[in-house]
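Colleague:
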Amino acid sequence: GQQVQQSPASLVLQEGENAELQCNFSSTATQLQWFYQSPGGSLVSLLSNPSGTKHTGRLTSTTVTKERRSSLHISSSQTTDSGTYLCASYGSSGNKLIFGIGTLLSVKP
Amino acid sequence: EAAVTQSPRNKVTVTGGNVTLSCRQTNSHNYMYWYRQDTGHGLRLIHYSYGAGNLQIGDVPDGYKATRTTQEDFFLLLELASPSQTSLYFCASSEVAGYERLFFGHGTKLSVL
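Top to bottom, those sequences are chains R and G.
Taking my numbering, the leading residue of the first sequence gets 1, the next gets one more, and so forth.
Taking my numbering, the leading residue of the second sequence gets 110, the next gets one more, and so forth.
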């Protein structure tokens, strides 16, 4: 079935450094979304990017659909960026988002 | 911003007990989802619905029932709770499946002793 793999599993940065998170998915995605989960557990959609490059604030996502991969770049990281970043794609069945396990980001002051 | 409210926030029950988790969304989204989140597995879809009275099976439905009573309300039912159902449960909604943002509730932490 559809699988989503994320790397690295965890990442520790100093404030101000950039982060690069990777997502690989096992079948052609009709949609690719990135989510942020706070240390308290709440989940928020960051952006959706089925193909190409999209920017929002300090976030840039690049998805190469034919290579089944997406990346999330966080520039000038801040301590408030700490948390888990989840990638999810809709598989060929259409209605169901399949989530990766996530990348745990820790930004030190 | 779409609002999705889950209740309760925390629940403890015993093996064999009945549990109902509630979810309400206030933006008239068509789609509502129930996920569970466990260490090492990420978020897994239990059930989802595209409107009042509709129910679709997710990827891990065993041991769970769900009911969408109105456009706003989606319930998850555990009729004979087991310790394997100890998890963090999230409800989510979206206007259209496949292309729209998902909005999540704050989660319900369920412990089955």
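Cβ coordinates follow ideal geometry from the N, Cα and C atoms, glycine included.
All values reported here derive from a predicted model rather than from experimental measurement.
Since ASP182 (chain G) is in the beta strand (DSSP E), which residue starts that stretch and which ends it?
Modeller: Within the second sequence, the letter at position 73 stands for residue 182 (chain G). That run of the beta strand (DSSP E) goes 182–187.
Colleague: Could you give the distance in angstroms between the alpha-carbon of SER42 (chain R) and the alpha-carbon of LEU189 (chain G)?
Modeller: As a first step, residue 42 (chain R) must be located in the first sequence, where it is residue number 42. As a first step, residue 189 (chain G) must be located in the second sequence, where it is residue number 80. Computed Cα separation, rounded: 27 Å.
Colleague: Can you tell me which residues form a DSSP beta bridge with ALA88 (chain R)?
Modeller: In the first sequence, the residue the question calls residue 88 (chain R) occupies position 88. Its beta-bridge partners are R:GLN33, R:PHE99.
Colleague: Since VAL128 (chain G) is in the beta strand (DSSP E), which residue starts that stretch and which ends it?
Modeller: In the second sequence, residue 128 (chain G) corresponds to position 19, counting from 1. Taken as a continuous stretch (DSSP letters only), the beta strand (DSSP E) holding VAL128 (chain G) covers 128–134.
Colleague: Alpha carbons only, please: which of R:SER45, R:GLU15, R:ASN49 is nearest the one belonging to SER75 (chain R)?
Modeller: For the purposes of this step, residue 75 (chain R) is taken as residue 75 along the first sequence, with counting starting at 1. The shortest C-alpha separation from SER75 (chain R) is found at R:GLU15.
Colleague: Following the continuous beta strand (DSSP E) through LEU197 (chain G), name the residue where it begins and the one where it ends.
Modeller: Here residue 197 (chain G) corresponds to residue number 88 of the second sequence, with the count starting at 1. Per DSSP, LEU197 (chain G) belongs to the beta strand (DSSP E) from 196–203.
Colleague: Could you tell me the boundaries of the beta strand (DSSP E) in which SER45 (chain R) lies?
Modeller: Residue 45 (chain R) sits at position 45 when you count from the first residue of the first sequence. 43–48 is the extent of the beta strand (DSSP E) around SER45 (chain R).
Colleague: With DSSP run on the structure shown, which of helix, strand or coil describes GLU20 (chain R)?
Modeller: Locating residue 20 (chain R) in the first sequence gives position 20, where the first residue counts as 1. The three-state secondary structure of GLU20 (chain R), taken from DSSP, is strand.
Colleague: So what does DSSP say about ASP147 (chain G), is it helix, strand or coil?
Modeller: Locating residue 147 (chain G) in the second sequence gives position 38, where the first residue counts as 1. Judged by DSSP in its simplified three-state form, ASP147 (chain G) adopts strand.
Colleague: Between which residues of its own chain and SER45 (chain R) is the CB-CB distance below 7 Å, once the five residues before and five after are set aside?
Modeller: Counting from one through the first sequence, the residue named residue 45 (chain R) turns up at place 45. Same-chain partners within the cutoff: GLN33, PHE35.
Colleague: Report yes or no: is there a C-beta of chain G within less than 9 Å of the C-beta of LYS54 (chain R)?
Modeller: As a first step, residue 54 (chain R) is located in the first sequence; it is residue number 54 there, counting from the start. Answer no: the Cβ-Cβ gap between LYS54 (chain R) and chain G never drops below 9 Å.
Colleague: Please say whether LEU21 (chain R) and TYR85 (chain R) have beta carbons closer to each other than 9 Å?
Modeller: The residue labelled residue 85 (chain R) in the question sits at position 85 within the first sequence. The residue labelled residue 21 (chain R) in the question sits at position 21 within the first sequence. Cβ distance < 9 Å, so TYR85 (chain R) and LEU21 (chain R) count as in contact.
Colleague: With which residues is LYS120 (chain G) paired in a DSSP beta bridge?
Modeller: As a first step, residue 120 (chain G) is located in the second sequence; it is residue number 11 there, counting from the start. LYS120 (chain G) is bridged to G:LEU219.
Colleague: Just to make sure I have the definition right: I need the residues of chain A whose C-beta is within less than 7 Å of the C-beta of SER7 (chain R). Which are they?
Modeller: The structure shown contains no chain A; its protein chains are R and G.
Colleague: Tell me, please, whether the CB atom of ALA201 (chain G) is closer than 9 Å to any CB atom in chain R?
Modeller: Numbered from its first residue, the second sequence carries residue 201 (chain G) at position 92. At least one chain R Cβ lies under 9 Å of ALA201 (chain G).
Colleague: Could you compute how far the alpha carbon of THR62 (chain R) sits from the alpha carbon of SER70 (chain R)?
Modeller: As a working note, residue 62 (chain R) is residue 62 in the first sequence. As a working note, residue 70 (chain R) is residue 70 in the first sequence. Each residue's alpha carbon lies about 6 Å from the other.
Colleague: By a C-beta neighbour count over all protein chains shown, 10 Å radius and 16 as the cutoff for buried, is GLY52 (chain R) buried or exposed?
Modeller: For the purposes of this step, residue 52 (chain R) is identified with residue 52 of the first sequence, where counting begins at 1. Label assigned to GLY52 (chain R): exposed.
Colleague: Taking the CB atoms as reference points, tell me whether PHE184 (chain G) and ALA201 (chain G) lie closer together than 9 Å.
Modeller: Residue 184 (chain G) sits at position 75 when you count from the first residue of the second sequence. Residue 201 (chain G) sits at position 92 when you count from the first residue of the second sequence. Result no, Cβ atoms of PHE184 (chain G) and ALA201 (chain G) do not sit closer than 9 Å.
Colleague: Would you mind stating whether ARG177 (chain G) and GLY167 (chain G) have Cβ atoms separated by less than 9 Å?
Modeller: Taking the first residue of the second sequence as position 1, residue 177 (chain G) is located at position 68. Taking the first residue of the second sequence as position 1, residue 167 (chain G) is located at position 58. No, the pair does not count as a contact, with Cβ atoms beyond the cut-off.
Colleague: Buried or exposed for ARG145 (chain G), going by 16 or more other Cβ atoms inside 10 Å?
Modeller: As a working mapping, residue 145 (chain G) is identified with position 36 in the second sequence. Per the 10 Å Cβ criterion, buried.
Colleague: Determine, for ASP168 (chain G), whether the minimum Cβ-Cβ distance to residues of chain R falls below 9 Å.
Modeller: One-based indexing of the second sequence puts residue 168 (chain G) at position 59. Closer than 9 Å: yes.
Colleague: Ends of the beta strand (DSSP E) at SER175 (chain G)?
Modeller: Counting from one through the second sequence, the residue named residue 175 (chain G) turns up at place 66. First, the residue type needs correcting, since residue 175 (chain G) is Ala and not Ser in the sequence shown. Counted as a single uninterrupted DSSP element, the beta strand (DSSP E) harbouring ALA175 (chain G) occupies residues 174–177.
Colleague: Pull up the DSSP beta-bridge partners for ARG69 (chain R), would you.
Modeller: Taking the first residue of the first sequence as 1, we reach residue 69 (chain R) at position 69. Bridge partners of ARG69 (chain R): R:ASN24, R:VAL64.
Colleague: Using a Cβ-Cβ cut-off of less than 9 Å, list which residues of the segment 75–109 of chain R approach chain G; keep chain order.
Modeller: LEU86, ALA88, TYR90, GLY94, ASN95, LYS96, LEU97, ILE98, PHE99, GLY100, ILE101, GLY102
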